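In the numbering used here, the protein residues as written are 27 to 539.
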């Protein structure tokens, strides 16, 4: 267990840190990816209490050196100064055996304060090396030596096994095609789920059961076909395809024997050329689903009802058209599209436009789009006469409300912000609030306040700008609840015009004289 003494003496001017470490060992559990780290923390001579944010970092040197691994922030509860943490989850990668390939030194950061000096981790590497020799370890093929007494062979991916390296290969597979030829007599081949390819010529010539079955089947089919030819008068419709001798069917003595005399029997003539023609009176033609072609010239000249109806309909339509034409002058006042009376409408609209122009000074702002002579409006003696002084000094006659926003993570202030409250109780690390560029925003004022002291809030100017000596690389710290800073842009950088900081962490005293 490590005993960590933190002398934290708060003053309004500065903060002094004293550190003493008493090493009594580092315990490592069986699994190398988890390390239990315990210690004792004293603050201002008293055992630290409550929850604090711990970050553990492992370097390859006591000072300086390279950062090998960083843990994720942990909220650790201290009781009588004693704390215990498990090193496993990392900020980017979890703890692994790669971290302990050389000397390892651990550095602890508590609530944003790095404790020094670092402590060497002397027992963990042994446990981690032992872990690398477990059943999960990987051994390169180049490190394996072949046992002369072993019958095993290890092949690399560039020397894959092929036919030439196999022993006792059946003769049917020696051609390397993977197809086994059944050259011997095969009396009992069972069907598998694959595909069986058979040389049917050889099967027909064989003396096995297949030859006998095929011969009997051929004879049976031949007899059945002959019987079908003599029984064609009584063929039942099946679901298959029926092939008939239509020549014999046409010459048969059945009901279809006089097919050649159909055209004569029904007086249809040669319907292949003229179609089906009939001289019968079509007084009762039933509409079918096909197309009925009618000689309309004959219909018009007939004395039936259709010709009389068409004449009446034509006459009625003509009269209706005349009535419509006579009434067209009265359509000019409708709300539709007009082809007459446009001159009168144009004159009426012109008068209305003139009336609107004359009353423009009394038009109230609506939610629509108002098109007006803005030059005349600006030069008028109405309420807009002072438009030339809009860019002068702003005077507020009543109360002024400015926006307040609460943030829990890193944030860049926008032109719509004014006061930023930072709640670090919901953060997982220190929070950086970045100011917008001071260029082009002369006089703009922002206030940033820390409303919870779980993490430090750091206020940084943008880019290469500064804030009375504080830069993007060295932001202004707000470490305690209630700390705030108010700054204003001078057009190039930011000026601190007000601040309240309970414990100044390395703040130049010249700023606060």
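Positions of the beta carbon are idealized from the N, C-alpha and C atoms, including for glycine.
No experiment lies behind these values; they were computed from the predicted model shown.
Start and end residues, beta strand (DSSP E) containing residue i
i	result
residue 62	61-69
residue 95	93-96
residue 447	445-448
residue 126	Residue 126 -> no beta strand (DSSP E), and no H or E assigned at all.
residue 459	457-460
Option nearest residue i by Cα separation, candidates the options
i	options	result
residue 469	515, 446, 447	515
residue 111	120, 105, 100	100
residue 432	137, 423, 444	444
residue 136	523, 66, 221, 464	66
residue 453	93, 98, 94, 82	98
residue 498	460, 96, 138	460
residue 504	373, 450, 495	450
residue 472	141, 525, 482, 423	525
residue 144	106, 522, 83	83
residue 457	439, 434, 182	434
residue 529	521, 509, 518, 519	509
residue 72	107, 78, 186, 94	107
residue 77	64, 103, 70, 85	103
residue 127	113, 95, 109	95
residue 105	80, 121, 74, 81	74
residue 483	61, 501, 316	501
residue 455	138, 60, 118	138
residue 448	317, 485, 464	485
residue 517	425, 467, 109	467
residue 64	429, 116, 147	147
residue 495	462, 521, 123	521
residue 566	61, 442, 186	An answer regarding residue 566 cannot be provided, because it is not within the stretch 27 to 539 covered by the chain.
residue 430	440, 265, 423, 446	446
residue 62	109, 68, 190	109
residue 440	79, 424, 462	462
residue 121	60, 142, 79, 140	60
residue 18	80, 187, 216, 512	A query on residue 18 cannot be resolved here, the shown segment of the chain reaching from 27 to 539 and no further.
residue 93	70, 69, 124	124
residue 506	527, 119, 70, 436	527
For residue i, the residue or residues it bridges with in DSSP
i	result
residue 478	Paired residues: none, contrary to the question.
residue 133	83
residue 524	512
residue 116	97
residue 75	DSSP output for residue 75 lists no bridge partner at all.
residue 493	496, 520
residue 219	Note: residue 219 sits in no beta bridge, so no partner.
residue 430	445
residue 439	Answer is none; residue 439 lacks a bridge partner.
residue 108	66, 105
residue 425	Note: residue 425 sits in no beta bridge, so no partner.
residue 483	457, 504
residue 142	Residue 142 pairs with nothing; no bridge assigned.
residue 473	445, 512
Contact test: residue i Cβ vs the ligand SAM heavy atom, cutoff 8 Å
i	result
residue 517	With respect to the ligand SAM, the structure shown offers nothing to examine, as it has no ligands at all.
Worksheet item: Does the pairing of the region 466-477 with the region 487-497 give three or more beta-carbon distances under 8 Å?
Response: no
Discussion item. Measuring CB atoms only, is the region 77-97 touching the region 120-132, in the sense that at least three cross pairs come out at less than 8 Å?
Written reply: yes
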